[in-house]
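Enquirer: Here the protein sequences come in this chain order: A and B.
Quick note: the first sequence uses the working numbering, first residue -12, plus one each step.
Quick note: the second sequence uses the working numbering, first residue -12, plus one each step.
Sharing a structure with you now.
2 protein chains.
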Amino acid sequence: MSRPLTARVRLVQMEVLPGRPRENTVRILHEISAARAAGVELVAFPELAVPGYLIGDIWERPAFLRECEACGERIREASQGLVAAFGNVAVDWTRCNEDGRPRKYNALFFAADGAFHAPDGVPQPFVVKTLLPNYREFDESRHFFDLRKLALEAGVDARAWLRPVRVRDLAIGGLLCEDAWDADYTVTPLAELARHDADFFLNASCSPFTLNKNHKRNRVFDAQARAAGRPLLYVNCTGIQDIGKTVYTFDGESCIYDGSGHQTGELAPFEDGLVTADIPLRGGGAFGRDVTLADDETPSISAALLYGTGRFMQRLGVERIVVGASGGIDSAVAAALYARLLPPDRLLLLNMPSRFNSRTTIGLARELAVNLGCRYAELPIENSVSLTREEFAGLVVQGPGGAHIGLPLSPAALENVQARDRSGRVLAAAAAAFGGVFTCNANKSELTVGYTTLYGDLGGWLANLADLWKGQVYALARHLNDVVYDRPPIPAGCFTVTPSAELSLAQAVDEGKGDPLIYPYHDCLFRAWVERWQRATPEEIYTWYRDGVLEREIGYAGRVADLFPTARAFVADVERWWNAYQGLGVAKRIQAPPVLAVSRRAFGFDHREAQLGPQDTEAGAAVRRELLKK
Amino acid sequence: MSRPLTARVRLVQMEVLPGRPRENTVRILHEISAARAAGVELVAFPELAVPGYLIGDIWERPAFLRECEACGERIREASQGLVAAFGNVAVDWTRCNEDGRPRKYNALFFAADGAFHAPDGVPQPFVVKTLLPNYREFDESRHFFDLRKLALEAGVDARAWLRPVRVRDLAIGGLLCEDAWDADYTVTPLAELARHDADFFLNASCSPFTLNKNHKRNRVFDAQARAAGRPLLYVNCTGIQDIGKTVYTFDGESCIYDGSGHQTGELAPFEDGLVTADIPLRGGGAFGRDVTLADDETPSISAALLYGTGRFMQRLGVERIVVGASGGIDSAVAAALYARLLPPDRLLLLNMPSRFNSRTTIGLARELAVNLGCRYAELPIENSVSLTREEFAGLVVQGPGGAHIGLPLSPAALENVQARDRSGRVLAAAAAAFGGVFTCNANKSELTVGYTTLYGDLGGWLANLADLWKGQVYALARHLNDVVYDRPPIPAGCFTVTPSAELSLAQAVDEGKGDPLIYPYHDCLFRAWVERWQRATPEEIYTWYRDGVLEREIGYAGRVADLFPTARAFVADVERWWNAYQGLGVAKRIQAPPVLAVSRRAFGFDHREAQLGPQDTEAGAAVRRELLKK
C-alpha cells in the first residue's frame, strides 16, 4: 500500500477551563468523535488542555494529578482510528521533582488506536516540553521538569530526544508553545526535529493574549516553517485563566503555517472553532493565503476586555454590576463595557457627589446612564463625611499624660475619607444590596504612581482598565462610541472635561483644574519604567534628556521643553513620580484588585515588586547633578 | 615556607538591605578593614550581600546591574592582604538569559589582593550557583542562569566545574545556599567539591526564617560536613525582605559545622554579629560544642514577629500605629507586639462598638490599653451604620421600567457594613490623623476560609499574625504575658472570652456564641490543605476519615466523632470550609495586606492561587458518596 499524499488534520481551538480536567475531557472526547466522523487523521488540542495552565499551586495536590492522569487514560482509550494529540501533565510518581514532590512534565501526548506513542527512541511515551518559560507571568520551572534536565540525568544529549513521533502513517514533530520561541535558548527544538524528516510540526500552545503578540508569532512561526520547508500547525486555546493578581485572556488564533510563507485557516480571536485542512505530506505541494495584519490596537483591546470581563463574570457567577460613575472617562468606559455584557436592569450606576463635585460631572454621569438605559442613582456622601469629621473632632483620647479631646482630620486626610466613603461604605454596600459586585475603574497611569485611594477607588472585584494607559482609555472610549455601539453612549463632555478626582477645591473641573498628571507625556514616561524590556530608571531618563533624545526614546510626540521650562522642573517631576511609583504605589498595588492583562507587562504577577522604597543609582545621581548645574 | 595548620576565618552575619547595593557595600568594606586588622585570612559575607535577594523584578534594570558590578569592583580593590568572599550578581552582557535580557548569575566572588579568583579550571572568575530553587517563595530561574545550563552550553559536564577556589594559602569549596540542600537534585555540589581536597566549605546563604528550619539545617549541614570530613562554614544574613504579598525575616544563625559532628560559634538569631574562628586546615584537629535544640516553637515565633514587624516599620518609616482593639485575643496580641516596638504614646488602641458589642469585650479592650500604658479611645459606629442603613432605604433608583425607592441592606450586608465602617472609615482616617498606619489583626485560620471582610478587618498596612493558626495566637499571647513582659499586659478575659466578630445577635459572647470555627480541629484541617508538602484535598480527608486515621494524619488531639456525630455532618463541614477556602477566600486574599511569613507556607507569594472556584476530584466524590451512604 502506498503512502497517501495528504493527511486531513484538525486543530481544535477550545476554551480550556483551568483546574477542570473532567469538563475539559468531556469536550475533548466529543471533538475526537466528531473528528473521526469527518475522516480526520490527526485531531490536535492545545497545551495542557486537560488540566489548564494557570492554576496556581494546585499542581502540588496529588489528588488533582491522579485525576488528570485518569482523564488522559480516557482519551487514550477513545483514540480509535485516528491520532489525538493533546496536552496534559505527565507524572512520574517514582521520581522526584526538584521541590521534593512527584515529578511532573508539561507533556504532549499522541494517542492512537488505544495507545500512547513516543518520539523515536525516547523512553517516555510522550513529548516532554524542552523550553520552560520563566519570565513575565510564566513560571513553569516551579512545577515542571524539562527535557534538558531529564536528558542530563539520563546522560543523554537533549538533542537526541528531539525526534518526530511516528504514528499511523505520519511523522509529526511535536512541540509545546515556548519550544518554538527559541531565540534566547541554546537548544532549538524545531531545528532539531527538522533534521529528522517530519511530515509537519505541531505546536500545541496555551498562549495568553498580549497586544501585538499575534503579529510577532506570525513572523516567528512563518520563518520557522519556511526554514524547515514543512507545515507548522499551531493550536492555541481560548478562555481566561488567572494567577491571583492578574487575569489573562487566551485568544486562540490557531492556524497553519504552510512552509512556503503562507498562513491558512486562521480562526477568529476569542472564539472557539476548528481548522480542518488536508496537509501535503513529504513531496506534496503548498497552499494558503497571504497574511494581513491589523495596525490599530484599539479593536484588539476592546475585544480582549469584553471577552475577558465577560468570561470572568461567568467564572465567578457575577450577574449584577455596580459602577461608581463620576462623570469622568474611566468610569464611563467601564460602564459602557459592562453594558455590553449585562441586561440594562442589572447594571447600576451610582453617582456619589460631595460638596466638591460639579454639576457638570453629575450631569455627565446621569447622561451616560440614560444613554445606556441602565439603572442610576445618586447618593451624596456629604452627611457621612461630615459625621466622620465631627466624630474625630470630638474624640476623647486617653493615654500617657492624661486625656485630650479631638483627633482632627486634615484637608488631605478628608480627601481620602471621601474616596473611601464612596467605595468602602457606599459601593460595597450597594453591591451587596443589588446582589452583585462593584467595579474598580483605575487606569494604569494612576496605578503606576498610586494616584488612587486604598479601600477607596482602588477597591472593586476586578480592575479591567488597569492595564491601559490613560490615552488608551480615551481611544477605547472613542472606539466604543464609534464602532461597538450603534448610538454613542459616552457623552461628548466625558472626552472634554478635565480629568479630576474632584476631592477638593484645587480639583474644580469647571475652572479647568484636575489631576496633577500630564497624561500624554506621563503615559510615555511611565511606560518606559514599566513596560520596556530593558527597564528604564531615572538614570536613563536623565541621560536621554541631557542628550536631547528623550522624546524619541519614550515615544512622546510633543516637546518636553514645552512642559518643563527648566532642567530643575523636569528633574523634580521625574523624582516626584518615580518616588510615588516605587513608594506608596507598591503598597497600594499589593492590595489592589485583579488586573485584566492587555500589555506586555501588566501589574500583578507579571510585575513582581517589593516594598523597597525608591531606588536610584550612583550613575543616575551623577547625571542628575549635571542637569541641575546647568 | 610551610603551610600553616590553621586559618583564621570570620563570618559576617549582617543585615542585607534589599535593593541597596551602595549601603551594603559600605558595610562590607568596613568589615573587610576590621577583619584585616584582626588578622583574619578569610572574611565571608552572605549570598547576594551586595544587591539583596528578594527585590522583585529590579533585576531587569540594567542601571541597577551596573551599579552592583561597580560595588563588586570596589570590594575587589579593597581585598588587600586577605580573602573576601561575598555574594553578588554577576552579569555577562555579551550573552542572553533565556528571557532575552543580559545574562545574570547568582555568584559567589572570592576577592584577594585586588583580584577575583576562579575555581580550578573554571572560565568564570566566580562561583556560579548550581541549584536554583523554584518552590515556595524562591523563584531564581526567573532571573538567574545556573551552572548546569552554563556547562551544557559549553559542552562540559557541570560536575567538572565544581572545584575548590585556590586563593592565598587556602582551598575553599564555595557554595551558595540551595547548593547544599541537594537531596532532590541529580547534581550534588558539596559531594563533588569534596573529591578535590578543599580545606573547608563555605556556604554563603540568604535563607529566610521558617519555623523549625534551623533544626533541619543543622541536621543536613552537619551530615554533609561529617561525610566530607571537613568543616563547613555557614554564613547567612539578617534583615527583612519582602515580595509584595509576603514579608520574610532572615534570622542569620550563622555557624561552623566542624566536620566531626559539632557546631561552633552559632550567632543569636535576628542579630548582626561575627563568628571568628581558627579553622584547622587539612591534617588539623576538631573543635566545637554539642548542638542543643529548642523544642518550643513559640519563642521563635515571638522573636520573628517582633523582629520582622520592627524592621518593616523601620523600612517604611512607620512610627505610629493604630490598632482596632475588639477585646479579642488577636487584636490584644497585635497591640502587645507593637507596644514592644513603640513608645506608648505612639500606639493608639481604638475600640469601635456597635449595638452588638458586649460590655465584656469593651472592658477588655480598655483594660489592655491601661496595661500597655498606651493611648486609647472609643468611637461607636452606631450613628454611621444607621446613616448608611437609612440612606440606602431611601435611595431613589432610576432605570428601565421607571424609578423605585429603596435598595435595602439585609442583616448579612449590615454585618459587613459594620466591619468596613470600622476599618475603611474609622481606622484609616484615624491612622491619617494620628500620623501612622493601622494594623490588620487577621489570623491564618480566618484568612484560609475568608472569615473576614474585605476593606474591613482585612484592611491594614501589614498582617503580622496572618501566618499563625488561632491556636498559635493563643500560645503567643501566653508567651507575651509570661516571658516577654514583666507584667502580663493581655487581660485574662481575652483568653476565656468566646472568639466572636460580634456583628450580630447570633455572635453574642456573653451567651457563649461566636465564630463558627472549632479552632482546635479546624486549625489542623486547614493546615493539611495549606501547609502539607503533598497538599491534601477533601479526597484525602474523606479517605482518612473512612479509614479511622484522620486525627493522626492531621494531628488533631481530640476525637472527630465528638465534634460531628454523623458522617453527613462531618462531610457538610468539610465542604463548607473547602468551598470557602477555594472560593471567596481566594478573592479576599488577593486584596489582603502583606503577610509576615513564619510557617513553611505563608499566604501570598508562597501560595500561588487563582480564582478557579472549589476544586474536587472524581475519586473524592466517590469516597464522599460512600460516607454519605453509611
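C-beta: ideal position from N, C-alpha, C; glycine also.
The structure displayed is predicted, hence computed values, not measured ones.
Below 8 Å on the Cβ atoms is my guess for GLY446/A versus SER410/A; work out the distance and round it to an integer in Å.
Expert: Yes, GLY446/A and SER410/A are in contact; Cβ-Cβ is about 4 Å, under 8 Å.
Enquirer: Report yes or no: is there a C-beta of chain B within less than 8 Å of the C-beta of THR279/A?
Expert: In this prediction, THR279/A has a pLDDT of 33, which is less than 50 and means its spatial position is unreliable; what the coordinates show is noted afterwards. Cβ-Cβ to chain B under 8 Å: no for THR279/A.
Enquirer: Of the residues HIS183/B, ARG298/B and TYR325/B, which one's Cα is nearest the Cα of VAL310/B?
Expert: For VAL310/B, the nearest C-alpha among the options comes from TYR325/B.
Enquirer: Write down the C-beta distance between SER345/B and VAL372/B rounded to the nearest angstrom, noting that I regard them as a contact closer than 8 Å.
Expert: SER345/B to VAL372/B, Cβ: 17 Å. No contact.
Enquirer: GLY480/B to ALA406/B, Cα distance in whole Å?
Expert: Taking the straight line from one Cα to the other gives about 23 Å.
Enquirer: By the 10 Å Cβ neighbour count, where 16 or more other Cβ atoms means buried, how is GLY142/B classified, buried or exposed?
Expert: Flag for GLY142/B reads exposed.
Enquirer: Pull up the CB-CB distance for VAL(-1)/B and VAL30/B, whole angstroms please, since I reckon it's below 8 Å.
Expert: About 6 Å separates the two Cβ atoms, so the contact holds.
Enquirer: With 8 Å as the threshold, decide whether the Cβ of LYS116/A is near any Cβ in chain B.
Expert: Chain B, which has no Cβ nearer than 8 Å to the Cβ of LYS116/A, makes this no.
Enquirer: Would you list the residues sitting across from HIS391/B in a DSSP beta bridge?
Expert: Answer is VAL384/B, bridged to HIS391/B.
Enquirer: Let me know if ARG549/A comes out buried or exposed under the rule of 16 or more other beta-carbons within 10 Å of its beta-carbon.
Expert: Note on residue identity: the sequence assigns Asp, not Arg, to residue 549/A. Exposed: under 16 other Cβ atoms inside 10 Å.
Enquirer: Excluding the 5 residues preceding and the 5 following ALA399/A in the sequence, name in chain order all residues of the same chain whose CB lies nearer than 6 Å to its CB.
Expert: Excluding sequence neighbours, ALA399/A sits near nothing in its chain.
Enquirer: Run the CB neighbour count on GLN521/A, radius 10 Å, all protein chains shown included, and call it buried at 16 or more, exposed below.
Expert: With fewer than 16 Cβ atoms within 10 Å of its Cβ, GLN521/A is classed as exposed.
Enquirer: Please give the ranges of any alpha helix (DSSP H) in the stretch 388 to 444 of chain B, keeping only runs that are unbroken, at least 4 residues long and fully inside the region.
Expert: Segments of the alpha helix (DSSP H) lying fully in the stretch 388 to 444 of chain B: 398 to 407, 415 to 421 and 431 to 436.
Enquirer: Beta carbon of THR225/A, beta carbon of GLY239/A: below 8 Å?
Expert: A contact, by the Cβ cut-off of 8 Å.
Enquirer: Please tell me whether ARG90/A and THR12/A are closer than 8 Å, where the distance is taken between their beta carbons.
Expert: No, the pair does not count as a contact, with Cβ atoms beyond the cut-off.
Enquirer: Please list, in chain order, the residues of the stretch 523 to 540 of chain A that have any C-beta partner in chain B closer than 9 Å.
Expert: Residues passing the 9 Å Cβ filter: ALA523, THR524, PRO525, GLU526 and GLU527.
Enquirer: Determine the chain B residues that contact TYR472/A at a beta-carbon separation under 7 Å, and present them in chain order.
Expert: Near TYR472/A there are no residues of chain B at all, since even the closest Cβ is about 17 Å away, more than 7 Å.
Enquirer: Exposed or buried, what is ALA191/B when buried is set at 16 or more other beta-carbons lying within 10 Å of its beta-carbon?
Expert: Classification of ALA191/B: buried, given that the 10 Å Cβ count is 16 or more.
Enquirer: Suppose only complete runs of 3+ residues qualify. What are the beta strand (DSSP E) ranges in the stretch 336 to 364 of chain B, listed by chain order?
Expert: For the stretch 336 to 364 of chain B, not a single whole beta strand (DSSP E) run of length 3 or above is found.
Enquirer: Please list the partners that ALA417/A has in chain B, where partner means a Cβ-to-Cβ separation under 7 Å.
Expert: What ALA417/A touches in chain B: LEU394.
Enquirer: So ARG146/A and VAL115/A are in contact, right, with Cβ under 8 Å, and what is the actual spacing, rounded?
Expert: That pair is no contact at about 13 Å.
Enquirer: Near TYR506/B, which residues of its chain fall below 8 Å by C-beta distance, leaving aside the five closest residues on each side in sequence?
Expert: Answer for TYR506/B: SER432, TRP456, LYS457, GLY458 and PRO486, listed in chain order.
Enquirer: When DSSP builds the beta bridges, which residues end up paired with TYR529/A?
Expert: Looking at the DSSP assignment, TYR529/A forms no beta bridge with any residue, so it has no partner.
Enquirer: Determine contact between the stretch 2 to 21 of chain A and the stretch 38 to 53 of chain A, defined as no fewer than three beta-carbon pairs at a distance below 8 Å.
Expert: The stretch 2 to 21 of chain A, when compared against the stretch 38 to 53 of chain A, does touch it at the 8 Å Cβ threshold.
Enquirer: Should GLN111/A be flagged as near chain D, meaning a C-beta pair shorter than 8 Å?
Expert: Judged by its chain identifiers, the structure shown contains no chain D, and its protein chains are A and B.
Enquirer: Just how far apart, CA to CA, sit THR81/B and GLU538/A?
Expert: Distance between the alpha carbons of THR81/B and GLU538/A is about 28 Å.
Enquirer: Rounded to whole angstroms, what's the CA-CA distance from HIS183/A to GLY160/A? Just pull it up for me.
Expert: When rounded, the distance between both Cα atoms is 9 Å.
Enquirer: Verify the CB distance criterion: does GLY480/B have a CB-CB separation below 8 Å to chain A?
Expert: For GLY480/B, the answer is no, since every Cβ of chain A falls outside 8 Å of its Cβ.
Enquirer: Could you list the residues in the stretch 69 to 94 of chain A with a C-beta less than 9 Å from some C-beta on chain B, going in chain order?
Expert: Within the stretch 69 to 94 of chain A, the qualifying residues are CYS83, ASN84, GLU85, ASP86, GLY87, ARG88 and PRO89.
Enquirer: Enumerate, from N- to C-terminal direction, the unbroken beta strand (DSSP E) stretches of 3 or more residues contained entirely within the stretch 191 to 257 of chain A.
Expert: For the stretch 191 to 257 of chain A, whole beta strand (DSSP E) runs of length 3 or above, ordered along the chain, are 219 to 222, 225 to 230, 233 to 238 and 242 to 244.
Enquirer: Name, going along the chain, the residues of the stretch 583 to 595 of chain B whose beta-carbon falls closer than 7 Å to a beta-carbon of chain A.
Expert: From the stretch 583 to 595 of chain B, only HIS594 and ARG595 have a Cβ closer than 7 Å to chain A.
Enquirer: Tell me the DSSP bridge mates of GLY311/B?
Expert: Note: GLY311/B sits in a beta bridge opposite LEU337/B.
Enquirer: Would DSSP call GLN0/B helix, strand or coil?
Expert: Residue state, collapsed to three classes: strand.
Enquirer: Return no unless some Cβ of chain A is closer than 8 Å to the Cβ of LEU363/B.
Expert: The sequence shown places Tyr at residue 363/B, rather than the Leu named in the question. Chain A, which has a Cβ nearer than 8 Å to the Cβ of TYR363/B, makes this yes.
Enquirer: Between VAL13/A and chain B, is the shortest Cβ-Cβ distance under 8 Å, so that the two count as touching?
Expert: Closer than 8 Å: no.
Enquirer: Whose Cβ in chain A lies nearer than 8 Å to the Cβ of SER345/B?
Expert: By Cβ distance, chain A contributes nothing, its closest Cβ being about 20 Å from SER345/B, past 8 Å.
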